[in-house]
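Take the sequence shown: its position 91, counting from 1, is numbered 91 in UniProt numbering, and each next residue is one higher.
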Amino acid sequence: MRNVVLFSFILLFVLLIFCANRTTKNESSSLQSLYHHAKVTSHPGYEHIWPNIEFGWEIIVGTLIGVFGASFGSVGGVGGGGIFVPMLILIIGFDAKSATAISKCMVTGAAISTVFFNLKLRHPTLDIPMIDYDLVLLNQPVIILGISIGVVLSVVFADWMITVLLIIIFIVTSVKAFIKGLDTWKKETIVKEEFVKHLESTATSSEDVEYKYLPSCPDDEPQKKINQGTILSNIQWKKFGLLCFVWIAVLLLQIAKNYTATCSIKYWLLTLLQIPVTVGVSMYQAIGLYQGKKITVSKQDHGTHWPLHLLIVSLSCALLAGILGGLLGVGSGFVMGPLFIEFGIAPQVASATATLGMTFTASISVAQYFLLNRFPVPYALYLTIVATIAAYIGQKIIDRLVNIFQRASLIIFVLSFTILVSAIALGGVGISHMIEKIQRNEYMGFEDLCY
Numbered sequence: 001m002r003n004v005v006l007f008s009f010i011l012l013f014v015l016l017i018f019c020a021n022r023t024t025k026n027e028s029s030s031l032q033s034l035y036h037h038a039k040v041t042s043h044p045g046y047e048h049i050w051p052n053i054e055f056g057w058e059i060i061v062g063t064l065i066g067v068f069g070a071s072f073g074s075v076g077g078v079g080g081g082g083i084f085v086p087m088l089i090l091i092i093g094f095d096a097k098s099a100t101a102i103s104k105c106m107v108t109g110a111a112i113s114t115v116f117f118n119l120k121l122r123h124p125t126l127d128i129p130m131i132d133y134d135l136v137l138l139n140q141p142v143i144i145l146g147i148s149i150g151v152v153l154s155v156v157f158a159d160w161m162i163t164v165l166l167i168i169i170f171i172v173t174s175v176k177a178f179i180k181g182l183d184t185w186k187k188e189t190i191v192k193e194e195f196v197k198h199l200e201s202t203a204t205s206s207e208d209v210e211y212k213y214l215p216s217c218p219d220d221e222p223q224k225k226i227n228q229g230t231i232l233s234n235i236q237w238k239k240f241g242l243l244c245f246v247w248i249a250v251l252l253l254q255i256a257k258n259y260t261a262t263c264s265i266k267y268w269l270l271t272l273l274q275i276p277v278t279v280g281v282s283m284y285q286a287i288g289l290y291q292g293k294k295i296t297v298s299k300q301d302h303g304t305h306w307p308l309h310l311l312i313v314s315l316s317c318a319l320l321a322g323i324l325g326g327l328l329g330v331g332s333g334f335v336m337g338p339l340f341i342e343f344g345i346a347p348q349v350a351s352a353t354a355t356l357g358m359t360f361t362a363s364i365s366v367a368q369y370f371l372l373n374r375f376p377v378p379y380a381l382y383l384t385i386v387a388t389i390a391a392y393i394g395q396k397i398i399d400r401l402v403n404i405f406q407r408a409s410l411i412i413f414v415l416s417f418t419i420l421v422s423a424i425a426l427g428g429v430g431i432s433h434m435i436e437k438i439q440r441n442e443y444m445g446f447e448d449l450c451y
């Protein structure tokens with residue numbers, strides 16, 4: 001852990017020195033040289049604002065906020081995009097669309113780092129991988145479809161509508177997650193008390209008693225070996241391959257769609273072609289779960305057979321999560337993480353599973369943004385490295401805390417806190433833009449998708 005932290009600070013220091021040298025050579029004395037404008041957008045007349053990468057208070061504060069957002073976001077499985085976007089707009093000075101693109105880069109880096117960390121871990125109480133691939137395969141294709149729908153709706157909906165919807169959904173989700181965290185905390189307290197009473201009432205040593213609710217402390221070497229494994233042994237290749245197939249197919253369709261006229265026959269045909277790819281894979285998994293041919297053992301009460309109503313709820317929430325992700329510009333983990341916990345899945349598994357799904361969705365967006373030149377690569381690369389390192393360190397810290405205090409509810413509280421902070425930050429930015437539009441008497445109704 002010490003070596004990881006030391007390496008991280010050295011890498012960040014080198015990058016900051018590089019930024020400073022680059023700025024010294026290229027910076028002019030004019031105040032307007034702080035910005036250069038790139039007119040690269042699907043909407044005519046829109047100017048992207050890309051600040052020059054330079055060493056100053058903006059990049060220092062932005063880096064610190066990025067570290068905070070990535071470490072907390074990776075723990076809860078939500079990515080941290082709700083913290084990254086306001087930071088990129090208010091602190092560093094990007095326009096909203098460029099900030100969203102760079103935020104996706106940071107979320108992707110943090111998600112990949114978190115997935116790499118979780119691939120080495122096993123389930124806290126069962127001898128299976130930490131990531132539930134069956135759960136990802138059931139929900140993720142539908143989430144990707146929902147994101148495509150949400151992106152279309154984001155063009156039509158007015159900014160104030162999106163802001164109000166974002167605040168309401170995030171606050172409700174945060175409160176529900178907090179209540180679930182309190183409930184889990186109480187259950188953990190009861191289990192710990194019963195465990196202590198059992199130790200006191202028996203003459204056996206603590207080595208003969210197994211504490212099954214959460215992973216045991218780091219000092220317990222036999223249990224630690226159970227909860228760790230090799231990366232290759234923890235990957236279920238067939239299911240992972242199906243996820244990659246959906247990722248590649250949807251990415252190719254999205255790239256092709258970007259080179260067609262909006263609302264043309266070819267545009268809608270490419271959009272509709274996503275349905276058989278995404279829904280087909282999710283239905284294949286759902287039928288297997290319903291018939292008992294496939295299992296999600298992380299949800300032990302429905303491990304061998306999922307009832308129809310639970311499958312409908314899961315797929316509906318996945319579609320809704322995707323729509324909200326595309327509409328609000330945030331990761332689907334903001335909805336799926338709390339939903340998995342509501343299903344009774346262990347917080348560690350819920351976070352790890354939601355993060356794997358978020359890796360696929362965020363990386364699709366990054367690939368599209370890169371091909372369309374929607375973000376400055378040096379800035380995005382630097383902030384992505386920051387998010388990647390911070391996410392890994394955040395996972396290390398929370399894993400150690402959960403093992404020491406024997407409370408997985410800490411993950412739920414971090415999730416609730418991250419969503420609440422995101423609601424305040426994104427809501428504040430949205431409200432400020434609403435006020436500016438009202439003062440300028442701008443049109444605030446529905447927009448035309450095909451203009």
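Every residue, glycine too, gets a C-beta built ideally from N, C-alpha and C. None of these values were measured; they are calculated from a predicted model.
Burial check for K238: the Cβ neighbour count within 10 Å stays below 16, so the residue is exposed. The shortest C-alpha to C-alpha distance from V313 to any of K186, G326, F340, A101 is the one to F340. Partner residues in the beta bridge of P129, as assigned by DSSP, are R122. The stretch 379 to 388 and the stretch 66 to 73 touch, with no fewer than 3 CB-CB distances between them shorter than 8 Å. By the Cβ test, the stretch 158 to 173 is not in contact with the stretch 267 to 281, since fewer than three Cβ pairs between them sit closer than 8 Å. Per DSSP, reduced to three states, the secondary structure at P307 is coil, with no helix or strand assignment. Around the beta carbon of T173, a 10 Å sphere encloses 16 or more other beta carbons of the protein chains shown; the residue is thus reported as buried. Annotation for I412: the continuous alpha helix (DSSP H) segment containing it runs 409 to 439. The beta carbon of L449 lies closer than 8 Å to those of V152, V155, V156, T262, C263 in the same chain, with the five residues before and after it left out. Apart from the 5 residues on each side of it in sequence, S416 sits with its Cβ closer than 7 Å to the Cβ of S174, A177, F178, G181 in its chain, given in chain order. With 16 or more other Cβ atoms inside 10 Å of its own Cβ, W306 counts as buried.
DSSP places P276 in the helix class (H, G or I) of the three-state scheme. The beta carbon of V115 is closer than 8 Å to those of I131, A352, T355, L356, T359 in its chain, skipping five residues each way along the sequence. In the three-state scheme derived from DSSP, where H, G and I count as helix and E and B as strand, P51 is classed as strand. Judged by DSSP secondary structure, D183 falls within the alpha helix (DSSP H) whose first and last residues are 159 to 201. V277 is positioned such that its CB atom lies closer than 8 Å to that of V250.
For the pair I147 and G430, the CB atoms are not nearer than the 8 Å cut-off.
One alpha carbon belongs to T184, the other to F334, and they sit about 19 Å apart.
In the three-state reduction of the DSSP assignment, C244 falls in the helix class. Taking the Cα positions, R122 is about 21 Å away from M336. Note that the C-beta distance between G150 and I275 is not below 8 Å.
Each residue's CA atom was taken as its position, placing E54 and I393 some 26 Å apart. The beta-carbon distance between G427 and I167, rounded to whole angstroms, is 4 Å. This is short enough to meet the 8 Å contact definition. I83 and L199 have their alpha carbons spaced roughly 45 Å apart.
Nearest in C-alpha terms to V246, of all of I128, P141, D95, I398, is P141. The beta-carbon distance between H48 and S103, rounded to whole angstroms, is 14 Å. This is too long to meet the 8 Å contact definition.
Residue nearest to G77 within the set A425, S422, I411, Q236 is I411 (criterion: CA-CA distance). Taking 8 Å as the upper bound for CB-CB distance, Y284 and L311 are not in contact here, some 12 Å apart. By the neighbour-count criterion, in which a residue is buried when 16 or more other Cβ atoms sit within 10 angstroms of its Cβ, G81 is buried. Taking 4 residues as the minimum length, the alpha helix (DSSP H) runs contained wholly in the stretch 81 to 121 are 81 to 86, 96 to 118, in order along the chain. The C-beta distance from G79 to A111 rounds to 6 Å, short enough to fall under 8 Å. In this structure, the beta-carbon distance from S432 to F170 does not fall below 8 Å.
In the assembly as shown, M444 is an exposed residue. Its beta-carbon has fewer than 16 other beta-carbons within 10 Å. When secondary structure is reduced to three states using DSSP, G79 falls in the coil class, being assigned neither helix nor strand.
Cβ contact annotation for S71 (same chain, cutoff 7 Å, sequence separation greater than five): A390, A391, I393, G394, in chain order. Within the same chain, Cβ atoms closer than 6 Å to the Cβ of T418 are found at F72, G73, G76, V78, the five residues on either side in sequence being excluded.
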